[in-house]
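Enquirer: Mind looking over this structure? Questions follow.
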Amino acid sequence: MIAGEALLDAFINANILFCIGFVLWRLVRAMMCRVGLEHAYGTQLKLLNAVFVAILCAPLLVLAVNALQNTGVAKGMHVNLSDMVVSYYLNGGLEMKASDFEGLIMLRDTFTRNVLNGDGFIAQAVIAIFVFGAALGLSRLFYSMFCLWRIVANGYDWRSFGRMRIRLSDRTLVPFSTRGLRNYYVVIPSHMLGQDDELKVSLAHEFQHIRQGDLEWEIVLEALKPLFFLNPAYHAWKRQVEHLRELNCDSQVLSHGRIDVRAYCDTLLSVCQKTLRRDRAFVIAVPKVTLVTADRTSPGNGKHSFLEHRIMSVLNAKRLAYQRLTFFATVVPLVAVLALTTVAIQRPGDWSQDRLMLSTVVNLDRLDEINRLSTFGRIRN
């Protein structure tokens, strides 16, 4: 039960941190856009990935803090959001009945205990929804991987060097890249062999994705999707990663100067037109990184499509200096705030002085209520 409670706590904390981390990143990105760094897509993507790693490492941070406190090294370091709220209440900051406030503070503990024991309709409904959704997500993931494997396996070997395999396929109209346990695969539609510009752009684009490690990030995000399917922040997070990696890839490919901007934009438009006739097996096949995706609205750009956003970014591209310095100057405070939040949202390990006082106030209120009812009964008799 203790192990199950720890896992459930870690899962709840991860969902909270995804929401908080996404909000923090959006604030940082808004500040970057205000100071003229809206085209620093690589830096923005690295920040988003750094926050993601910090969230995944949150349980290790909690274990480290607990170990330091148990050994007496960090005995005086006590930061807990729940205790802060209790202290604020006892100082008169909130007008609420003590018993109601205690129930609100203990809501997470009550929910955790009910879910672990399966007590109550709400807890049973939460368990059923999570199990069904996770099972459905895993089924979709395995079926998607099977569809992807079938497309890659039915392709024809064209070029290979090192761990890279380039294959031609009659089953896809969109170039994409993926990977196995060891090798990387770039799959090109067969019709592109007669279109030099499109072939050159597609290969350069997919090679850049592989160099950036985008495939590994896509695999991690898709693997965790069945666990966090109820968290809208996670879906928004994944979509932001998908958009930023494409914008960054476009910028990096064109920065080398070996591909004409017009040819690049023409290829994006041409391939996007062909995706309107794509088959369903290709749409659901994951994890992969494609040259273009189904056109949809770009977040933060009103009703503009993402393809339009990509083309406008390519045409208005700017060379930005000190991107590495900007990244480190931004990621340190961002991760520090997230680490502090990680420690603060943990469940209190023991009874603090304020919690004991709150419990005393609740007990006194209950005794007063009992005495009042008893007195009322004697008066009536």
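Following this note's numbering, the numbering of the sequence shown begins with 19 at its first residue and continues without gaps. Glycine included, C-beta positions come from ideal geometry on N, C-alpha and C. Since the model is a prediction, treat every value here as computed from it, not as a measurement.
So L63 and N201 are supposed to be a Cβ contact under 8 Å. How far apart are they, rounded?
Expert: L63 to N201, Cβ: 25 Å. No contact.
Enquirer: Just list the residues that DSSP pairs D175 with in beta bridges.
Expert: Beta-bridge pairing links D175 to R185.
Enquirer: May I have the straight-line CA-CA distance separating A222 from Q364, to the nearest angstrom?
Expert: Whole-angstrom Cα-Cα distance: 46 Å.
Enquirer: Opposite P207 in the DSSP bridges: which residues?
Expert: DSSP output for P207 lists S187 as bridge partner(s).
Enquirer: Measuring only the C-alpha atoms, how far is N172 from L186?
Expert: Each residue's alpha carbon lies about 9 Å from the other.
Enquirer: Count the other CB atoms within 10 Å of the CB of I388; is the residue buried (16 or more) or exposed (fewer)?
Expert: Flag for I388 reads exposed.
Enquirer: Does the distance from the CB of L108 to the CB of M375 come in under 8 Å?
Expert: Yes.
Enquirer: Straight-line CA distance for G320 to T348?
Expert: Note that G320 scores a pLDDT of 49, beneath 50, so its modelled location is shaky and nothing firm can be said.
Enquirer: Work out the CA separation of A76 and V405 for me, nearest whole Å.
Expert: Since the displayed the chain opens at 19 and closes at 399, residue 405 lies outside it and no answer follows.
Enquirer: Out of L78, P244, E113, which one is the CA nearest neighbour of G151?
Expert: Checking every option, the nearest Cα to that of G151 belongs to P244.
Enquirer: Quick one: grab the DSSP three-state call for V307.
Expert: The answer is strand: DSSP assigns V307 an E or B state.
Enquirer: Please classify F247: does DSSP put it in a helix, a strand, or coil?
Expert: Looking at F247 - three-state DSSP - the assignment turns out to be coil, as it is neither helix nor strand.
Enquirer: Rounded to whole angstroms, how far is the Cβ of I145 from the Cβ of V133, which I believe are closer than 8 Å?
Expert: About 6 Å; that satisfies the 8 Å criterion.
Enquirer: Within 8 Å, do at least three Cβ pairs link the region 194 to 209 to the region 248 to 255?
Expert: At 8 Å Cβ cutoff, the stretches do not touch.
Enquirer: For D372, count the other beta carbons within 10 Å of its own beta carbon; 16 or more makes it buried, fewer makes it exposed. Which is it?
Expert: By the neighbour-count rule (16 or more Cβ atoms within 10 Å), D372 is buried.
Enquirer: Along the chain, which unbroken stretches of the beta strand (DSSP E) at least 3 residues long are found entirely within the region 339 to 377?
Expert: Listed in chain order, there is nothing to give.
Enquirer: Measuring CA to CA, which of E234, A48, N67, L81 is closest to D27?
Expert: Of the listed residues, the one whose Cα sits closest to D27 is L81.
Enquirer: For T89, which three-state DSSP category applies?
Expert: Three-state result, T89: coil.
Enquirer: Quick one: residues in its chain with C-beta nearer than 6 Å to the C-beta of D270, no 5 flanking neighbours on either side, listed in chain order?
Expert: Per the sequence shown, residue 270 should be read as Gln rather than Asp. Excluding residues within five positions, the ones whose Cβ falls inside 6 Å are Q226.
Enquirer: Helix, strand or coil: how does DSSP classify R276 here?
Expert: Residue state, collapsed to three classes: coil.
Enquirer: Between which two residues does the alpha helix (DSSP H) containing S105 stretch?
Expert: From DSSP, the alpha helix (DSSP H) with S105 extends over 99 to 108.
Enquirer: In angstroms with no decimal places, state the Cα-to-Cα distance between L233 and L86.
Expert: In a straight line, the C-alpha of L233 is about 37 Å away from that of L86.
Enquirer: Less than 8 Å between the C-beta atoms of G60 and Q341, yes or no?
Expert: Contact flag set, yes.
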